[in-house]
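A.B. asks: Residues in the sequence shown are numbered from 3 upward in steps of one, following the numbering used here. Beta carbons: idealized from backbone N, C-alpha and C, even for Gly. In this text, all values refer to a predicted model and were calculated from it rather than measured experimentally. The structure under discussion is supplied below as structure tokens; questions concerning it will follow.
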Amino acid sequence: MRAIVLESHPLMRMGLQSLLRQLPELDVVIGLEPYDFDVVDGGGYETALLVYSMADDASDNAHLLRCWRARMPGARVLVLCDNMWMCQAEADFPWGGHLSLPKTASLPTLEAAVRRLLELDAEQPAALACRNPWMPPARVASHR
């Protein structure tokens, strides 16, 4: 299986690629600019995962993501963004097999999300069975 990381910042792209290359479920991990539609060749691998890192300065994030999704309809999608309003995953991206996380998510959270997506059929909703990743963990009140 192949993963494609779509990120405009080279350092972020390399970091995400490095994380994904550690997962045995993925044979090939490619890093691309979000506009590099013509670079991807099948290479004999099914694209199982698109990791799309939304850019703050781009107004066409939803359009780009839809274009990638149209090219690879069976791929699961992990959307990373800096604020939850920019993601709007449920409203703007009506397909199944996707998750959205903040770019500040911990490495274990990112890895768990990727593994969860890879376990799903592309048409299944991928709601995590844990707390909302945009909300800080609840603090346990101590009653003394």
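1. Applying the criterion that 16 or more other CB atoms from any shown protein chain within 10 Å of the CB defines a buried residue, is Leu109 buried or exposed?
2. Enumerate, from N- to C-terminal direction, the unbroken alpha helix (DSSP H) stretches of 4 or more residues contained entirely within the region 9-59.
3. From Asp38, Ile32 and Asp58, pick the residue whose C-alpha is nearest to that of Thr49; which is it?
4. Residues in the same chain with beta-carbon distance under 7 Å from Tyr47, minus the five sequence neighbours each way, listed in chain order, please.
5. Taking only the alpha-carbon atoms, compute the straight-line gap between Ser20 and Val81 and give it to the nearest angstrom.
6. Quick one: is the Cβ of Ser55 within less than 8 Å of any heavy atom of the ligand GDP?
7. Compute the distance between the beta-carbons of Glu27 and Leu120, then report whether it is under 9 Å.
8. What's the C-alpha gap between Met56 and Asp84?
9. Assuming contact is defined by CB atoms lying nearer than 9 Å, are Glu35 and Leu67 in contact in what I supplied?
C.D. replies: On the basis of the data shown:
1. exposed
2. 12-23
3. Ile32
4. Met3, Arg4, Asp29 and Val30
5. Cα-Cα distance, rounded: 17 Å.
6. Of the ligands one can find in the structure shown there are none, so the ligand GDP has no counterpart to examine.
7. A distance below 9 Å separates the beta carbons of Glu27 and Leu120.
8. The straight-line gap from Cα to Cα measures roughly 8 Å.
9. For Glu35 and Leu67, no; Cβs fall outside 9 Å.
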